[in-house]
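Here's the structure, in structure tokens; my notes come after.
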Ligand SMILES: [Zn+2]
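In the working numbering, the protein residues as written are 342 to 842.
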């Protein structure tokens with residue numbers, strides 16, 4: 342009996358250590374200990390009969406086998422756990438001057454085929470094709486928070502820790518629970534008890550340092566607006582207008598009042614975001630628009646939301662003169678979702694059977710997708726008029742045949758400005774963006790990053806790399822948020838996108 346329990350207990354012990362490694366400094370004991378311990382106990386109970394039978398069959402020999410297994414457990418624990426342990430603080434290496442003040446524009450779902458098909462309807466993108474270094478980007482996931490976090494960390498989703506669209510907390514605490522989607526016991530317990538509170542995945546799930554932290558490390562002033570998984574906003578040496586600071590629930594005065602704590606850093610920025618939101622909503626007469634990614638109205642909703650992010654970014658670019666402004670907008674993606682849902686049906690877009698006639702689909706395509714692309718082109722024009730250096734990327738492309746971005750089509754990459762080359766370059770990866778951003782900002786690159794500077798995007802004079810450093814150091818302290826109830830609205834919206842089951 343004991344020979345069977347012992348390895349299970351060892352496994353439990355390793356699991357507890359594995360869980361505690363990243364969360365220990367941020368979470369109050371002992372509540373945080375209870376859950377992993379309870380989990381282990383449940384699994385041990387379940388596995389005991391099986392192991393007891395196995396031990397009986399093995400008889401005396403079993404003991405020696407377990408003894409042999411011990412070093413294997415130790416090695417496995419070390420291998421899986423070592424990356425989760427806090428790393429030594431970074432020694433900030435030498436920096437070189439930034440190549441330029443950079444506007445980094447994230448436009449979700451933008452696709453080269455569509456940009457080129459619209460041609461002269463998109464004069465600013467035409468300028469980019471003529472004047473910028475441009476190419477395609479291999480993506481790393483189908484899920485926006487995962488990809489956009491890879492963009493600012495340079496790490497694959499499994500390494501940066503932001504996974505899917507939602508996360509959950511042990512009810513009443515700030516303890517974020519490990520991903521339960523592949524854990525059948527976890528699913529069952531969560532579904533049948535009130536232990537879990539669900540909400541949108543946020544910055545606390547991230548395990549590694551993000552660009553908004555790195556910029557401060559090297560005295561580059563940065564501003565991030567509406568970035569996925571940037572809530573709660575971390576106290577950085579810069580400004581974060583998190584994705585929860587841009588109205589998500591609706592534009593009526595009551596819904597605009599739905600302010601979440603720590604949605605911006607510094608907190609006072611929330612007031613100016615609200616002022617911009619009031620102005621945009623009044624100008625566009627958007628007060629009553631309903632958010633629904635499956636409909637035309639919902640598509641307009643997201644364009645208004647984008648405009649609030651965009652106008653906030655413009656204001657901060659002019660007023661604060663940052664070295665880096667990063668703004669994320671999603672209208673091209675949400676419009677394309679709405680078109681696909683309408684044309685191919687809400688339930689099974691993968692079936693690729695049209696629900697509406699060819700002509701109707703074309704008219705709708707013009708109203709939804711074309712107008713979203715034109716909005717992106719107009720924004721690009723404003724950015725080009727107010728700065729001389731732009732990196733513009735999308736997280737994935739789009740297929741208008743009902744498969745959306747399920748097949749992970751390539752995203753777009755444009756680098757425009759004095760240090761950048763002109764013409765098409767070879768396909769790069771989402772993981773190459775952080776090294777490329779760091780290089781543009783004159784910051785060192787850490788050796789463990791899997792991506793590389795997209796060298797052929799730069800003119801020859803600007804290709805010399807600064808020295809690599811060994812590590813960026815651990816991510817900063819997490820900002821504690823204690824959700825008290827499920828963020829049902831948020832999850833419902835993600836479900837409508839087909840992102841959450
Ligand atoms: Zn996307």
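Heads up, the beta-carbon is just placed ideally off N, CA and C, and yes, glycines get one too.
query = Quick one: Cα of residue 426 to Cα of residue 584, how far?
reply = Below a pLDDT of 50, predicted positions are generally treated as unreliable, and residue 426, at 46, falls in that range; no measurement from the model is reported.
request  = Counting only the same chain and skipping the five closest in sequence on each side, list residues whose C-beta sits under 6 Å from that of residue 822.
outcome  = 573
query = Between residue 797 and ligand 1, is the CB less than 8 Å from at least one heavy atom?
reply = no
Test item, CB below 6 Å from any non-hydrogen atom of ligand 1 = Selection around ligand 1 by beta-carbon proximity, strictly under 6 Å to any non-hydrogen atom, yields 449, 450, 485, 674, 736 and 737 in chain order.
ask   = What did DSSP end up calling residue 658 once you bin it into helix, strand or coil?
value = It is helical.
request  = Below 8 Å on the Cβ atoms is my guess for residue 566 versus residue 642; work out the distance and round it to an integer in Å.
outcome  = Between residue 642 and residue 566 the Cβ distance is about 18 Å, and since that is not below 8 Å, they are no contact.
CB contact flag (residue 581, residue 621, <9 Å) = no
ask   = What does DSSP give as the partner residues of residue 477 in its beta bridges?
value = 753
task = May I ask you to report which of helix, strand or coil DSSP gives residue 670?
result = strand
task = With DSSP as the reference, label residue 681 as helix, strand or coil.
result = helix
ask   = In three-state terms, what does DSSP make of residue 363?
value = Legend: pLDDT at residue 363 = 46, less than 50; position of this residue unreliable, no value from coordinates given.
Alpha-carbon to alpha-carbon, residue 803 and residue 732 = Looking at the backbone, the Cα of residue 732 and that of residue 803 are separated by about 15 Å.
query = How would you label residue 501, buried or exposed, when you count the other beta carbons within 10 angstroms and need 16 or more for buried?
reply = Looking at its Cβ environment, which holds 16 or more other Cβ atoms inside 10 Å, residue 501 is buried.
Between the CA atoms of residue 603 and residue 728 - distance to the nearest angstrom = Spanning the two alpha carbons is a distance of roughly 30 Å.
ask   = When you compare each of 769, 814, 675 and 387 to residue 331 by their alpha carbons, which one comes out closest?
value = Residue 331 lies beyond the residue range present for the chain, which begins at 342 and ends at 842; the question has no answer from this structure.
task = Would you tell me roughly how many angstroms separate the C-alpha atoms of residue 517 and residue 483, rounded to the nearest one?
result = 23 Å
key: Of the listed residues 723, 784, 618 and 413, nearest to residue 628 (C-alpha basis)   = 618
request  = Report the partner residues of residue 765 according to the DSSP bridge assignment.
outcome  = 475
ask   = Going by beta carbon distance, what residues of the same chain come within less than 7 Å of residue 695, once the five residues before and after it are set aside?
value = 684, 685 and 702
ask   = Where does residue 494 land, buried or exposed, given buried means 16+ other C-beta within 10 angstroms?
value = buried
task = Report yes if the CB atom of residue 451 is closer than 9 Å to the CB atom of residue 673, and no otherwise.
result = Taking 9 Å as the Cβ cut-off, residue 451 and residue 673 qualify as a contacting pair.
inquiry  = Restricting to runs no shorter than 3 residues, where is the beta strand (DSSP E) found entirely within the region 529 to 569?
reply    = 537 to 541 and 563 to 566
message = How far does the alpha helix (DSSP H) with residue 706 in it extend, from its first residue to its last?
response = 699 to 706
message = Could you check whether residue 575 and residue 606 sit closer than 9 Å to each other, using their CB atoms as the reference points?
response = yes
inquiry  = Can you give me the C-alpha to C-alpha distance between residue 491 and residue 459, rounded to a whole angstrom?
reply    = A straight-line Cα-Cα distance of about 29 Å links residue 491 and residue 459.
query = When you compare only the Cα positions, how much space is there between residue 349 and residue 480?
reply = 39 Å
key: CA-to-CA distance, residue 810 to residue 630, given in whole angstroms   = 49 Å
Beta-carbon separation (whole angstroms), residue 775 vs residue 463, contact threshold 8 Å = Residue 775 to residue 463, Cβ: 28 Å. No contact.
Span of the beta strand (DSSP E) around residue 581 = 580 to 582
inquiry  = Which same chain residues end up closer than 7 Å to residue 724 when comparing Cβ atoms and leaving out the 5 residues on each side of it in sequence?
reply    = 444, 446 and 731
task = Give me the Cβ distance between residue 755 and residue 469, rounded to the nearest whole Å; I'm assuming they're in contact under 8 Å.
result = 5 Å
ask   = Could you check where the beta strand (DSSP E) with residue 448 kicks off and where it finishes?
value = 443 to 448
ask   = At what residues does the beta strand (DSSP E) containing residue 510 begin and finish?
value = 507 to 511
ask   = Within 10 angstroms of its Cβ, does residue 438 collect 16 or more other Cβ (buried), or is it exposed?
value = Looking at its Cβ environment, which holds fewer than 16 other Cβ atoms inside 10 Å, residue 438 is exposed.
request  = Determine whether the Cβ of residue 599 lies closer than 9 Å to any Cβ atom of chain D.
outcome  = In the displayed structure, chain D is absent; only one protein chain is listed.
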